[in-house]
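Under my numbering, the first residue of the sequence shown is numbered 143, with each subsequent residue one higher.
Built from N, CA and C at the ideal position, the CB exists for glycine as well.
In what follows, a single structure is set out as structure tokens and then discussed.
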Amino acid sequence: MIRDGCMGPGELEGFSRGERERAARAGEIYSRLCEEAGIGSLCFENFEAWKAFVEGEIGESQLNEEARKEVEEFSRSFGKYLMVDSREGRRQEREEEEKRERARRANKIYRKVCSECGMEVCFFQDFSSWSDYVEGRISDEAFEQRARAEIEKIRTRSQSPR
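This is the structure in structure tokens:
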């Protein structure tokens, strides 16, 4: 008999190979249904249909039907506590990674422009250009043009008598 509670890694060791395979398949079905319902994660083994499927009492088509009902009921009962927009989280992660990549490219462009202009080290003061580039508001070319213009300003200031 399957006990209630979230099963950790290795807790299915006492089960037959067939039961472990069925438990894995049931987990896939529940995961898909939970994702469709906007529920982050659950201990699937707490659901009756999961237990019945793993023990071989019902087939996969019946599991799909029963699991959908259980997840919908669970979502109705506890939805306000469980709903997550996983797509939004993934979108934010992609945007953050894109910004980090653009920041790396911005730094490379700055170093390249400095090198091409014969400057070993330069400190840029126009961080709005850098921010515009990292945020994706300007292209690589526009950013490089702004960086070159700023280097020219720095050169002009350093060459002018004080």
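In this chain, the alpha helix (DSSP H) harbouring G169 covers 159–179. Note that the C-beta distance between F216 and L205 is not below 8 Å. For the 8 Å CB-CB criterion, R244 and V213 do not form a contact. DSSP places S300 in the uninterrupted alpha helix (DSSP H) bounded by 282–301.
Under the 8 Å Cβ criterion, the stretch 282–292 does not count as touching the stretch 233–242, having fewer than three qualifying pairs.
For F195, the uninterrupted alpha helix (DSSP H) segment begins and ends at 190–196.
Straight-line spacing of the CA atoms in E197 and R218 works out to 27 Å. With contacts defined as CB atoms closer than 8 Å, I251 and A289 qualify as a contacting pair.
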